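Contents: one structure, followed by commentary.
There are 2 protein chains.
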Amino acid sequence: MSATLVFKALADPTRRSIIDLLKEKDMTAGEIAEQFNMKKPSISHHLSTLQTAGLVLSERSGQHIIYSLNTTVFQDIMMWMMNVSGKENEK
Amino acid sequence: MSATLVFKALADPTRRSIIDLLKEKDMTAGEIAEQFNMKKPSISHHLSTLQTAGLVLSERSGQHIIYSLNTTVFQDIMMWMMNVSGKENEK
DNA sequence: TAGATAGTTAGATAATCATCTAAATAAAGG
DNA sequence: CCTTTATTTAGATGATTATCTAACTATCTA
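Protein sequence lines, in the order shown, are assigned to chains A and B. Residues in the first sequence are numbered from 1 upward in steps of one, following the working numbering. Residues in the second sequence are numbered from 1 upward in steps of one, following the working numbering.
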């Protein structure tokens with residue numbers, strides 16, 4: 001897990017919205033793209049960024065590619081954050 | 001709190017290292033700069049980015065400017081993350 | 001008030017990024 | 001096989017970013 005890749009991925013509002021969508025249910029690339037005022041290749045690129053960061057997983061199903069959240073990585077990042085904001089209390 | 005600004009700020013390894021330093025103790029801009037193989041203006045710029053995101057606070061003390069962590073913002077981001085990775089369990 | 005020290009601001013540059021259009025790949029169905 | 005549908009890849013462009021040097025501002029002290 002690269003914290004840099006994860007935070008870069010989370011630094012874009014469109015990508016965070018995609019995460020919010022996938023929080024509710026798995027979706028195909030097309031279904032995701034429908035939700036945004038943006039061309040499909042742009043969304044595809046965002047999905048690729050999220051996947052490289054490990055935040056989402058994809059699986060082909062016939063013509064479709066289904067994207068889902070990978071919450072493991074969120075856990076790791078939360079660990080780092082808790083460490084940072086937790087140490088504060090020891091000062 | 002702007003999630004975009006916070007995640008952008010956290011997306012840089014130098015800035016995360018600064019946070020790790022401030023986790024241990026408050027430091028002046030100069031003390032922070034000493035720890036990096038980078039010119040002072042670059043560190044000053046990183047500190048400004050962290051401050052704009054609300055992740056650090058600064059206070060002048062004579063010639064020095066003392067930087068400290070603001071853990072409130074980390075709490076907010078963790079809330080969002082817990083929501084994302086928590087909803088997963090309800091599916 | 002002049003000189004030294006601490007830090008920021010300004011301006012330049014090279015690299016990265018978000019988005020678009022056009023073209024390519026993959027699978028399904030006639 | 002040929003066409004349609006789903007999605008990605010390639011290539012271009014404008015915007016943002018990280019870093020540097022040089023110049024500026026603020027504070028202390030002799």
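Ideal Cβ positions, reconstructed from N, Cα and C, are used throughout, including at glycine. Given the structure is predicted, the values throughout are model-derived calculations rather than measurements.
Cα atoms of Val6 of chain A and Asp76 of chain A: separation of roughly 10 Å, rounded to the nearest angstrom. In this structure, B:Asn70 is the residue among B:Arg60, B:Ile65, B:Asn70 and B:Ser61 with its C-alpha nearest to the C-alpha of Thr52 of chain B.
When DSSP states are grouped into helix, strand and coil, Ser61 of chain B belongs to the strand group.
Just so you know, the alpha carbons of Ser85 of chain B and Trp80 of chain A end up roughly 15 Å apart. Between the alpha carbons of Met38 of chain A and Ala29 of chain B lies a distance of about 42 Å.
Contact between the region 11–29 of chain B and the region 54–73 of chain B is present, with at least three C-beta pairs closer than 8 Å. Taking the Cα of Ala3 of chain B as reference, the smallest distance to any Cα among A:Asp12, A:Ser2 and A:Thr4 is reached at A:Asp12. Comparing alpha-carbon positions, the option among B:Leu22, B:Pro41 and B:Lys8 lying closest to Ser58 of chain B turns out to be B:Leu22. Those residues of the region 17–34 of chain A placed with their C-beta closer than 8 Å to a C-beta in chain B are Ile19, Asp20, Lys23, Glu24 and Lys25, ordered along the chain. Comparing alpha carbon positions, the residue from B:Lys8, B:Leu55 and B:Thr49 closest to Val73 of chain B is B:Leu55.
Under the criterion of beta carbons closer than 8 Å, Leu47 of chain A and Ala9 of chain A do not qualify as touching, at roughly 10 Å.
Taking Met1 of chain A as the centre and dropping the five residues before and after it, the same chain places the C-beta of Gly54, Val73 and Asp76 closer than 7 Å to its C-beta, in chain order. Not one beta carbon of chain B lies nearer than 8 Å to the beta carbon of Pro41 of chain A. For Met27 of chain B, the pairing in a beta bridge is given by DSSP as B:Tyr67. Proximity of chain A to Phe74 of chain B at the Cβ level (cut-off 7 Å) is accounted for by Met81, Val84 and Ser85, in chain order. Between the alpha carbons of Glu31 of chain B and Arg16 of chain B lies a gap of roughly 16 Å. Close partners of Ile66 of chain B in chain A (Cβ separation under 7 Å) are lacking, with about 14 Å as the shortest Cβ gap.
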